[in-house]
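Peer 1:
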Amino acid sequence: MKVLFQARPDFMKNPAGDTVQMVSTGQELKSLGVEVNISTDPNIDLSPYDFVHIFNITRIKESYLFFLNAQKQKKMVVLSPIYWPPNAYFRREGASPNALSVWKHMQPMRARLLSQSTLLLPNSQIEMDVLYQDFLKIAPYQVVPNGFPDSFIGTTPELFRKQFPHIPKEFILCAARISSRKNQHWLAKSSHELGVTLVLLGPVNDQTYYESVTSFSNVLHIGTLQGDLLASAYSAAVAHALPSWFETPGLSSLEAGACGTVVISTDQGSPKEYFRDMALYVHPQDELSLRTALEQAFNATPLPLMHHIHNHYSWSKVGQITLEAYQSILG
């Protein structure tokens, strides 16, 4: 089996959840004997491939071009939508006034991909239900969840504490690109009011927003960590907080939970399908909910969620589910 992955051209320069999902899935499929290549070229010759797997319809323009190329060359398309309607986020205070109209203007492109792809691989049933609400005609689907690296099982705080001895023993962690959609300003403000250190990991998407977040004296930004050091950071934190405007479900929440950390998650998107009643949830328009969750985190147990994530959401399991989905269309 030979498959071509296609995604936005800046997927490595500006890494986000779709980057991790695509790269991690590709690695697992390769270990299962699938030949996987990645291309951002909308005009690539597809003759060597059994089908194309496109990631992300939030950034629809590039995905639409990949889709048109596949149709022109009569290739089947597998689509990971990574979709959530951003209406509340675009209506928030300080949002760009035309962002929602631009989003709606692009919906016909998304509709065509969703109806004419061979198979959809949403990350949750909740995501699929929203697609059914927002679009009239939908292709067949199979839920393929997001995952965490199998190597994160059994991690400990020692590596992180050794590398960053100046960071207080008790801190809240947020690993995500620093942008208004991830809502770190609210997190910085709430943790500052409680006198708790907030450690931020991840790239800066918006310099002005970053400066507003780091203006609080309790906030430390230590860049982007990877691999064992990232896992150790999760393990060292009292809790990992991702109070975003929406998540599907938030890869860093999944990774943190796998490392035995209390998870504070937005309730918008699909987190509840993954974490059930084993996480602390906040609503981005409920000012008090985050402060309450931060206070509760110090007495919460992370173990039930950790075991649940280990049992269901490793990337190795995700790779197997993806391969079975592929086999279903090759018949």
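If you're matching positions, the sequence shown starts at 246 in our numbering and goes up one per residue.
Don't be surprised by glycine CBs; every beta carbon is placed ideally from N, CA and C.
Here the structure is a predicted model, which means the values were calculated and not measured.
Can you grab the Cα-Cα spacing for the pair R521 / A501, in whole Å?
Peer 2: Their Cα atoms are separated by approximately 15 angstroms.
Peer 1: Please report the distance separating the alpha-carbon of V527 from that of D295.
Peer 2: Each residue's alpha carbon lies about 43 angstroms from the other.
Peer 1: Pick helix, strand or coil for G564, following the three-state DSSP scheme.
Peer 2: It is helical.
Peer 1: What is the residue span of the beta strand (DSSP E) that M321 lies within?
Peer 2: Its beta strand (DSSP E) spans residues M321 to S325.
Peer 1: Taking a contact to mean a Cβ-Cβ separation below 8 angstroms, would you say L418 touches A476 in this structure?
Peer 2: Taking 8 angstroms as the Cβ cut-off, L418 and A476 do not qualify as a contacting pair.
Peer 1: Please confirm whether I509 and P488 have their CB atoms less than 8 angstroms apart.
Peer 2: Cβ distance < 8 angstroms, so I509 and P488 count as in contact.
Peer 1: For A570 and W560, I'd like the C-alpha separation in whole angstroms.
Peer 2: Distance between the alpha carbons of A570 and W560 is about 15 angstroms.
Peer 1: Take R536 as the anchor and find which of S435, Q251, V444 and P448 has the nearest alpha-carbon.
Peer 2: Taking only the C-alpha atoms, the option nearest R536 is S435.
Peer 1: How far does the alpha helix (DSSP H) with V347 in it extend, from its first residue to its last?
Peer 2: Counting along the chain, the alpha helix (DSSP H) containing V347 begins and ends at A344 to H350.
Peer 1: Is the beta carbon of A421 closer than 8 angstroms to that of G447?
Peer 2: Yes; because the gap between Cβ atoms is below 8 angstroms, this pair is in contact.
Peer 1: Taking T400 as the reference, which of L474, V449 and V444 has the closest Cα?
Peer 2: For the residues L474, V449 and V444, the minimum Cα distance to T400 belongs to L474.
Peer 1: For the segment 547–562 and the segment 370–389, state whether three or more C-beta atom pairs, one from each stretch, are separated by less than 8 angstroms.
Peer 2: These segments do not touch.
Peer 1: So, under 8 angstroms CB-CB, I327 and G262 are touching, yes? Tell me the CB distance rounded to an integer number of Å.
Peer 2: Confirmed, about 7 angstroms.
Peer 1: Would you call the CB atoms of V563 and T270 closer than 8 angstroms?
Peer 2: Yes.
Peer 1: Report yes if the C-beta of A433 is less than 7 angstroms from at least one heavy atom of the ligand ATP; otherwise report no.
Peer 2: Absence of the ligand ATP from the depicted structure is noted, as is the absence of any ligand whatsoever, leaving it without description.
Peer 1: Determine, using beta carbons only, whether L404 and P385 come nearer to each other than 8 angstroms.
Peer 2: Cβ atoms of L404 and P385: not closer than 8 angstroms.
Peer 1: For N314, count neighbouring C-beta atoms within 10 Å of its own C-beta (all shown protein chains included) and say buried if the count is 16 or more, exposed if not.
Peer 2: Per the 10 Å Cβ criterion, buried.
Peer 1: Do the segment 280–289 and the segment 328–345 touch if we need at least three Cβ pairs shorter than 8 angstroms?
Peer 2: At 8 angstroms Cβ cutoff, the stretches do not touch.
Peer 1: With a CB to CB cut of under 8 angstroms and the five nearest residues on each side skipped, what residues in its chain are close to Y455?
Peer 2: Here the set comprises I423, V449 and H466.
Peer 1: Identify, in the order they occur along the chain, each residue of the same chain with its Cβ nearer than 8 angstroms to the Cβ of I371, setting aside the five sequence neighbours on each side.
Peer 2: Excluding positions up to five away in sequence, the list reads G514, S515, K517 and E518.
Peer 1: Of all the options L310, S308 and V248, which has the alpha carbon lying nearest to the alpha carbon of L291?
Peer 2: Closest by alpha carbon: V248.
Peer 1: On the DSSP bridge list, what partners appear for S559?
Peer 2: S559 is bridged to F393.
Peer 1: With distances taken Cα to Cα, identify the nearest neighbour of N301 among G472, T442, T493 and S534.
Peer 2: Selected option, being the one with the closest Cα: T493.
Peer 1: Could you say which of T511, K414, S480 and Y309 lies nearest to Q429 if we only look at CA atoms?
Peer 2: Minimum Cα distance to Q429 is reached at T511.
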